[in-house]
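**Q** Protein sequence lines, in the order shown, are assigned to chains A and B.
Note that the first sequence covers residues 66 to 257 in the working numbering.
Note that the second sequence covers residues 66 to 257 in the working numbering.
2 protein chains.
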Amino acid sequence: MPAVQTGQRLLESATEAFAAKGFHGTTTRDIAAAAGVTPGAVYVHHRSKEELLYSISKLGHERTLELVRACASTSSNPVEQIRTMVRDFVEWQSSNRTKSAVVNFELAALSDEHRAEVLDIRRAVDAEFRTVVDRGREQGMFNVPDTSLAVFALLSLCIDVARWYRSDGRLSAAAIGEHHSSMALRMLGAAA
Amino acid sequence: MPAVQTGQRLLESATEAFAAKGFHGTTTRDIAAAAGVTPGAVYVHHRSKEELLYSISKLGHERTLELVRACASTSSNPVEQIRTMVRDFVEWQSSNRTKSAVVNFELAALSDEHRAEVLDIRRAVDAEFRTVVDRGREQGMFNVPDTSLAVFALLSLCIDVARWYRSDGRLSAAAIGEHHSSMALRMLGAAA
Chain A
66 MPAVQTGQRL
76 LESATEAFAA
86 KGFHGTTTRD
96 IAAAAGVTPG
106 AVYVHHRSKE
116 ELLYSISKLG
126 HERTLELVRA
136 CASTSSNPVE
146 QIRTMVRDFV
156 EWQSSNRTKS
166 AVVNFELAAL
176 SDEHRAEVLD
186 IRRAVDAEFR
196 TVVDRGREQG
206 MFNVPDTSLA
216 VFALLSLCID
226 VARWYRSDGR
236 LSAAAIGEHH
246 SSMALRMLGA
256 AA
Chain B
66 MPAVQTGQRL
76 LESATEAFAA
86 KGFHGTTTRD
96 IAAAAGVTPG
106 AVYVHHRSKE
116 ELLYSISKLG
126 HERTLELVRA
136 CASTSSNPVE
146 QIRTMVRDFV
156 EWQSSNRTKS
166 AVVNFELAAL
176 SDEHRAEVLD
186 IRRAVDAEFR
196 TVVDRGREQG
206 MFNVPDTSLA
216 VFALLSLCID
226 VARWYRSDGR
236 LSAAAIGEHH
246 SSMALRMLGA
256 AA
C-alpha cells in the first residue's frame, strides 16, 4: 500500500475508534488492526496517538473554516450568508457525523499546545459568524440583543447535530440543513 | 465518613474524572484517590466503574425529566411552557456543566442494558417537548413544519450549552437561560 494511502487509512480507522471508544479508550493497536497494518507502522506515519487526534481535529476544523468562509463569500447579504453558512455546516456535520463528533467532543484529549492551535481555528469560525451577524444588525436585518450569545445559539444548532444525527433516520442531511438554516434566521429575527 | 456520604463523594469524584479524562481514560484508582478512599472502598459502594457512570447518567436524566415536567405543569399555555422548559433546562445544564457533559456525552460508554434504560428516560424528556410543541401547533400558537425537527433544534440549544459554557464567562447561567428561551420561542414561530 502506498505510504500516503496508509497514512490516510490510519486517520480513518483512528476516527472510527475514537468515536466508538473515546480517545483514552483506544489503543494504537486498535487503530493499526482496523487499518490492516502492524502497530509499528502507525509510528511511521504519526508520531503518537495524540498526534493522530490532532491531525483529525486540525483537518476537521480547517475544513469547517473553509466551508464557512466559502459560504460567506457567496453573497454580501447577511440573511443569505447565514442561510448558506448554517445550511452547509449542518449538512456537512450530519454527512460526516463520526468525524464531526471526534472533532467537536474530544478536544480535551489534545495536548495543551495542539488544543490552543485548534481553538485558534475555532475562534476564526466563530469570528466569521460574528462578522455576519454584526453586519446584519447594523443593516437592521437582524434583531438580537447580543451577538456573541446569538452566535453560540447558531453554533449549537450546527454542532449538536453531530451528537444526535443517525444516517438511517427519517431525514436526510440536506433536509436537516435546510430546516436548521430557516430556524437560524428565525432566531436572528430576520424578516420572513 | 458515613457510608451514604462516601457513596455520594465517589459519584462526585467520578463525575469530575469522567469529564476531565473520559470514561475510558479514568481508573477506579483515580476516582478513589479523588474521594479520599481506598480503591477497594469503591467496590463497597458501586459494583464497577460502569455502574458509577450509570448512576450519574440515570440520576442526571431523571433530574432533567423531573425539571422538564415541573416546568410543563406550571401553565397550560404552550408558549409559557416552552419558555420555562427551555429557560430552566439551559440554566440547569450551565450551572451543572460538568455533570451535564458526562450525562450527555458519555452515553456510548454505558453497557447496552444501562444505555437502553437511560435512553428510555431521554425519550420521555423528548416526549414532553413534543407534546407541548404539538399542542402549540394545534392551537395555532407555533408555526413549524416538523415537530420532531423543531424539538431536536430546541434540545440542541439546551444540551449543547454543556459543551461550551464556562462559569468564569461574561454571562450567568440564568442570563443564558433567558436568552435561549426567547430564541426557542422565535424558532417555533411564536407570536412576539
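Note that CB positions come from ideal geometry on N, CA and C, so glycine has one too.
Should P104/B be labelled buried (16 or more other beta-carbon atoms within 10 Å of its own) or exposed?
**A** The residue is exposed, with fewer than 16 neighbouring Cβ atoms inside 10 Å.
**Q** Mapping DSSP to helix, strand and coil, what is Y119/B?
**A** Helix, per DSSP.
**Q** In terms of residues, what are the limits of the alpha helix (DSSP H) holding Q158/B?
**A** That run of the alpha helix (DSSP H) goes P143 to S160.
**Q** Out of curiosity, what's the CA-to-CA distance linking D177/B and L184/B?
**A** If you take the alpha carbons of D177/B and L184/B, they lie about 10 Å apart.
**Q** Establish whether the CB of S221/B and some CB of chain A are separated by less than 8 Å.
**A** Cβ-Cβ to chain A under 8 Å: yes for S221/B.
**Q** Under 9 Å Cβ-Cβ, which residues of chain A neighbour A174/B?
**A** Correct list: K86, G87 and G90.
**Q** Mapping the DSSP letters down to three states, classify P210/B as helix, strand or coil.
**A** P210/B falls in the coil class under three-state DSSP.
**Q** Taking the alpha-carbon positions, what's the S78/B to Y230/B distance?
**A** Answer to the nearest angstrom: the Cα atoms are 20 Å apart.
**Q** My guess is that V151/A and L75/A are in contact by the Cβ rule of under 8 Å, so how many angstroms apart are they, rounded?
**A** The pair is not a contact, with the Cβ atoms about 33 Å apart (cut-off 8 Å).
**Q** If you measure beta-carbon to beta-carbon, which residues of the segment 143–166 of chain A are closer than 7 Å to chain B?
**A** Cβ contacts with chain B come from no residue of the segment 143–166 of chain A.
**Q** Can you tell me which of H245/B, I224/B and P143/B puts its alpha carbon nearest to the alpha carbon of R195/B?
**A** Closest option to R195/B, Cα to Cα, is P143/B.
**Q** Does the segment 161–173 of chain A come close enough to the segment 93–107 of chain A to have 3 or more Cβ pairs within less than 8 Å?
**A** Taking 8 Å as the limit for Cβ pairs, the verdict is that the segment 93–107 of chain A does not touch the segment 161–173 of chain A.
**Q** Among the residues of its own chain, which have a CB less than 6 Å from the CB of A239/B, if the five just before and after it don't count?
**A** For A239/B, where only same-chain residues beyond five positions count, the Cβ hits under 6 Å are E156.
**Q** Out of curiosity, what's the CA-to-CA distance linking E127/A and A135/A?
**A** If I take the Cα positions, the gap works out to 12 Å.
**Q** Kindly give me the distance between the Cβ atoms of V198/B and A215/B, rounded to whole angstroms, as I take these residues to be in contact under 8 Å.
**A** Right, their Cβ atoms sit about 6 Å apart.
**Q** Applying a beta-carbon distance threshold of less than 7 Å, which residues of chain A neighbour M252/B?
**A** In chain order: M248, R251 and M252.
**Q** Pull up the distance between the alpha-carbon of E243/A and that of V133/A, whole angstroms please.
**A** Cα to Cα, the separation comes out at about 15 Å.
**Q** For the alpha helix (DSSP H) that A255/A lies in, which residues bound it at each end?
**A** Element bounds for A255/A: n/a, residue is neither H nor E.
**Q** Classify N208/A: buried if its beta carbon has 16 or more other beta carbons within 10 angstroms, exposed otherwise.
**A** Flag for N208/A reads exposed.
**Q** Taking the continuous alpha helix (DSSP H) assigned at Q73/A, which residues delimit it?
**A** Element bounds for Q73/A: A68 to K86.
**Q** Let me know if R94/B comes out buried or exposed under the rule of 16 or more other beta-carbons within 10 Å of its beta-carbon.
**A** R94/B is exposed by the Cβ-count criterion.
**Q** Against F170/B, what residues of chain A qualify as contacts under a CB-to-CB distance less than 7 Å, listed in chain order?
**A** Under the 7 Å cutoff, chain A gives F170.
**Q** Less than 8 Å between CB atoms is the rule here; does H245/A satisfy it with respect to chain B?
**A** Output row for H245/A: interface = yes.
**Q** Determine the chain B residues that contact A82/A at a beta-carbon separation under 7 Å, and present them in chain order.
**A** Those do not exist, as A82/A stays about 11 Å from chain B at its closest Cβ, beyond 7 Å.
**Q** With 8 Å as the threshold, decide whether the Cβ of R95/B is near any Cβ in chain A.
**A** Per the sequence presented here, residue 95/B reads as Asp, with Arg not at that position. Chain A contact via Cβ: absent.
**Q** Taking C-beta pairs closer than 9 Å, name the residues in chain A that F207/B reaches, listed in chain order.
**A** By Cβ distance, chain A contributes nothing, its closest Cβ being about 11 Å from F207/B, past 9 Å.
**Q** Alpha carbons only, please: which of R235/B, Q204/B and I241/B is nearest the one belonging to S221/A?
**A** That would be I241/B, whose Cα lies nearest to the Cα of S221/A.
**Q** Please go through the same chain and pick out, in chain order, the residues whose beta-carbon is closer than 6 Å to the beta-carbon of T129/B, but skip the five residues on each side of it.
**A** Excluding positions up to five away in sequence, the list reads V190.
**Q** Against F217/A, what residues of chain B qualify as contacts under a CB-to-CB distance less than 7 Å, listed in chain order?
**A** By Cβ distance, chain B contributes W229.
**Q** Let me know if Q204/B comes out buried or exposed under the rule of 16 or more other beta-carbons within 10 Å of its beta-carbon.
**A** When all chains shown are included, Q204/B counts as exposed.
**Q** Can you give me the C-alpha to C-alpha distance between S141/B and D225/A, rounded to a whole angstrom?
**A** Their Cα atoms are separated by approximately 30 Å.
**Q** Assuming contact is defined by CB atoms lying nearer than 8 Å, are A82/B and A97/B in contact in what I supplied?
**A** In this structure, A97/B does not lie closer than 8 Å to A82/B by Cβ.
**Q** Which residues in the same chain as A84/B place their Cβ atom closer than 7 Å to its Cβ, once the five residues preceding and following it in sequence are excluded?
**A** T163, A166 and V167.
**Q** Name the chain A residues that come within less than 7 Å of D6/B, Cβ to Cβ?
**A** In the structure displayed, chain B extends from 66 to 257; residue 6/B sits before or after that span and is not available.
**Q** Does DSSP put D231/B in a helix, in a strand, or in coil?
**A** It is worth fixing the name first, because residue 231/B is Arg in this sequence and not Asp. Residue state, collapsed to three classes: coil.
**Q** May I ask you to report which of helix, strand or coil DSSP gives S113/B?
**A** S113/B falls in the coil class under three-state DSSP.
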